[in-house]
Amino acid sequence: MNPCIRAAGWLVFALLLVPAFASRAQGSQGTIQKIKETGTISVGYRESSMPFSYLDDRQQPIGYAIDICKHVIEALKAEYNLPNLKTSLVPVTSSTRIPLLANGTIDLECGSTTNNADRQKQIAFGHSYFLTKSTFVARKSSRLSTLDDLKGKTVVSTAGSTNIVQLNKANAEKGLGINVIAANDHAEAFLTMETGRAAAFVMDDVIIASFVASSKDPSAFAVGTHAFSLPEPYGFMLRRNDPEFRAFVDKTTARFYATAGPALYSKWFESPIPPNGINLALPMSPQLKRAFARPSDSPDPTSY
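What follows is the structure, given as structure tokens:
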């Protein structure tokens, strides 16, 4: 082969490799290094997951999870000498939160995400900060209480959520013939049930409690007796294979839960909360008290 042709061939091959190596290097960049270089941490939040992450009357994200995230960010500033660190707030949904974390659009997700084994194959979780179980809510006039009562009904849940997976599984296993429909977010799902387009809304009990408490007439709704799950952990989502950032978040939250966790819980679950002063009146469970004392990122409900 002509030496010039051989050289040209190697040059083309080398140029083709450049994007691949650049992409790999970018993908392996740790979150803390990314934050240092950009001067910004990007935080994913939910717009309607009261009281964890939702919009107030000024359309600003607030909530229990948001407060914990703010503490993590302040600790980042102190630990890494980043007094001017900026926070970029990015709205996410059940369907977009994992892809946006994986592709680097957000660095930390502060919402209401259930930690389970399947999700841990894609992303990592910080220490659990809440335990919930999946159930359903319906209009009281519908007189729906058990899973069998939903037979042949139209039932809504949120797209991309653990709850819709649990609903579909129960529907298939018991042959109930439920017409399962998916809403874009929790607010749309509750409205679908509230306006009669679905007989029931399947979701985590605490999220159901927040929507019922903030509705025009809370007495018009009843929570079903059926639970689709054992108590399940909520946690912050982080990118996988990033031990430095994960260790920092775990260290920071473990201290926070042990000292300030109970007071913060009381603020959001046992007191009037903005914007309308509703009170979920939801005492801390014994399982969550143990989780605060012995922090864990386990997806196994039985470990709590």
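Counting from 747, one number per residue, gives the positions in the sequence shown under this note's numbering.
For each residue, glycine too, the CB sits at the ideal point set by N, CA and C.
The structure presented is a predicted model; accordingly, all values stated were derived computationally and were not measured.
Between residue i and residue j, which are expected to be in contact by the criterion C-beta below 8 Å, what is the C-beta distance as a whole number of angstroms?
{"i": "Ile869", "j": "Leu847", "result": "6 Å"}
{"i": "Ile778", "j": "Tyr826", "result": "7 Å"}
{"i": "Pro1045", "j": "Asp803", "result": "Not really, about 35 Å apart at Cβ, beyond 8 Å."}
{"i": "Ala945", "j": "Leu890", "result": "6 Å"}
{"i": "Lys920", "j": "Leu893", "result": "7 Å"}
{"i": "Pro1047", "j": "Pro977", "result": "6 Å"}
{"i": "Ser858", "j": "Tyr980", "result": "6 Å"}
{"i": "Phe957", "j": "Phe974", "result": "Between Phe974 and Phe957 the Cβ distance is about 17 Å, and since that is not below 8 Å, they are no contact."}
{"i": "Phe876", "j": "Leu1010", "result": "Actually they are not in contact, since the Cβ atoms of Phe876 and Leu1010 sit about 11 Å apart, beyond 8 Å."}
May I ask you to list the residues that DSSP assigns as paired with residue i?
{"i": "Val948", "result": "Phe882"}
{"i": "Tyr800", "result": "Ser794, Ile808"}
{"i": "Glu978", "result": "Thr878"}
{"i": "Ala968", "result": "Ala884"}
Find the nearest neighbour of residue i within the set the options, judged by alpha-carbon distance.
{"i": "Glu855", "options": "Ala945, Ser795, Leu877", "result": "Ser795"}
{"i": "Thr860", "options": "Lys823, Gly850, Ser840", "result": "Ser840"}
{"i": "Glu1016", "options": "Gly1023, Pro1029, Ala1004", "result": "Pro1029"}
{"i": "Thr719", "options": "Asp931, Pro797, Gln775", "result": "Outside the displayed range of the chain (747 to 1050) lies residue 719, so it cannot be described from this structure."}
{"i": "Leu1026", "options": "Ala959, Thr998, Gln1033", "result": "Ala959"}
{"i": "Arg943", "options": "Val911, Ala973, Ser891, Ile927", "result": "Ile927"}
{"i": "Ala955", "options": "Ile1024, Lys782, Gln805, Thr842", "result": "Ile1024"}
{"i": "Asp864", "options": "Asp951, Ala993, Thr998, Val911", "result": "Val911"}
{"i": "Asp1043", "options": "Lys997, Ser1031, Ala1009", "result": "Lys997"}
{"i": "His972", "options": "Ser961, Lys962, Arg986, Asp951", "result": "Asp951"}
{"i": "Thr938", "options": "Leu922, Val883, Asn987", "result": "Val883"}
{"i": "Ala1002", "options": "Glu783, Pro1032, Ile814", "result": "At residue 1002 the sequence reads Phe, which differs from the Ala that was named. The shortest Cα separation from Phe1002 among Glu783, Pro1032, Ile814 belongs to Ile814."}
{"i": "Ala705", "options": "Ser1012, Ala905, Thr941, Ala993", "result": "There is no way to answer for residue 705, as the model of the chain reaches only from 747 to 1050."}
Three-state secondary structure (DSSP) at residue i?
{"i": "Gly873", "result": "Checking the sequence shown, residue 873 turns out to be His, not Gly. Three-state DSSP puts His873 in a strand."}
{"i": "Ile852", "result": "coil"}
{"i": "Pro1032", "result": "helix"}
{"i": "Leu893", "result": "coil"}
{"i": "Thr938", "result": "helix"}
{"i": "Ser834", "result": "strand"}
{"i": "Ala863", "result": "coil"}
{"i": "Ser903", "result": "strand"}
{"i": "Asn925", "result": "strand"}
{"i": "Leu913", "result": "helix"}
If you drop the 5 nearest sequence neighbours on each side, which residues of the same chain put their C-beta closer than 8 Å to that of residue i?
{"i": "Lys886", "result": "Ser965, Ala966, Phe967, Ala968"}
{"i": "Lys780", "result": "Gly850, Asp853"}
{"i": "Ile924", "result": "Leu896, Lys897, Gly898, Lys899, Thr900, Val901, Leu913, Asn917"}
{"i": "Val836", "result": "Ser788, Val789, Gly790, Tyr791, Leu846, Thr851, Ile852"}
{"i": "Gly785", "result": "Leu828, Asn830, Leu831, Lys832"}
{"i": "Pro1018", "result": "Ile1024, Asn1025"}
Residues in its own chain within less than 7 Å of residue i by CB, not counting five upstream and five downstream?
{"i": "Ala1000", "result": "His873, Pro1041"}
{"i": "Val995", "result": "Val818, Gly872, Phe982, Leu984"}
{"i": "Phe991", "result": "Gly776, Thr777, Ile778, Leu984"}
{"i": "Tyr1050", "result": "Leu877, Pro977, Pro979, Gln1033, Arg1036, Ala1037"}
So, for residue i: in the same chain, excluding its five sequence neighbours on each side, which residues have a beta-carbon less than 6 Å away from its beta-carbon?
{"i": "Ser907", "result": "Ser840"}
{"i": "Asn909", "result": "Ser880, Ser903, Val948, Met949"}
{"i": "Gly1007", "result": "Phe1038"}
{"i": "Tyr800", "result": "Ser794, Gly809"}
Regarding residue i and the ligand ADP, is the C-beta to nearest heavy atom distance less than 6 Å?
{"i": "Ser891", "result": "No copy of the ligand ADP occurs in the structure displayed, which carries no ligand at all."}
Closer than 7 Å, CB to CB, is residue i near chain D or not?
{"i": "Asp895", "result": "Absence of chain D from the displayed structure is noted, only one protein chain being present."}
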